[in-house]
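Residue numbers (the working numbering): 4 to 95. Glycine residues also receive a C-beta, built at the ideal position from the N, C-alpha and C atoms.
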């Protein structure tokens, strides 16, 4: 019985294509989430560290938050360009 199910699954190219397409989307969303959150979290940590060392309360925190947000959007832009190129290559 198991062998028949496996043969059906391997033989059904449409289902397999949908499944791998869903996994590709999941990979992309995970990549986007990580690439947007890591720079912001790192810059918040670095801004707090510098503020504590220099005693300049929130100034470096605000500056590094803005740098982290800019870096996150730059990463988002780069990933979008890569995906656009990849999708154009698949259409040809």
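1) So the alpha helix (DSSP H) residue 60 belongs to, where does it begin and stop?
2) Under 8 Å: do the stretch 44 to 56 and the stretch 84 to 95 share three or more Cβ pairs, one atom per stretch?
3) Are the beta-carbon atoms belonging to residue 54 and residue 69 less than 7 Å from one another?
4) Would you please state the rounded distance, in angstroms, between the beta carbons of residue 71 and residue 43? I believe it to be under 8 Å.
5) How long is the line joining the alpha carbons of residue 83 and residue 32, rounded to whole angstroms?
The structure says:
1) Run containing residue 60: none; DSSP gives neither H nor E here.
2) Contact fails: fewer than three Cβ-Cβ distances are below 8 Å.
3) For residue 54 and residue 69, no; Cβs fall outside 7 Å.
4) A Cβ-Cβ separation of about 4 Å places residue 71 in contact with residue 43 under the 8 Å criterion.
5) Taking the straight line from one Cα to the other gives about 11 Å.
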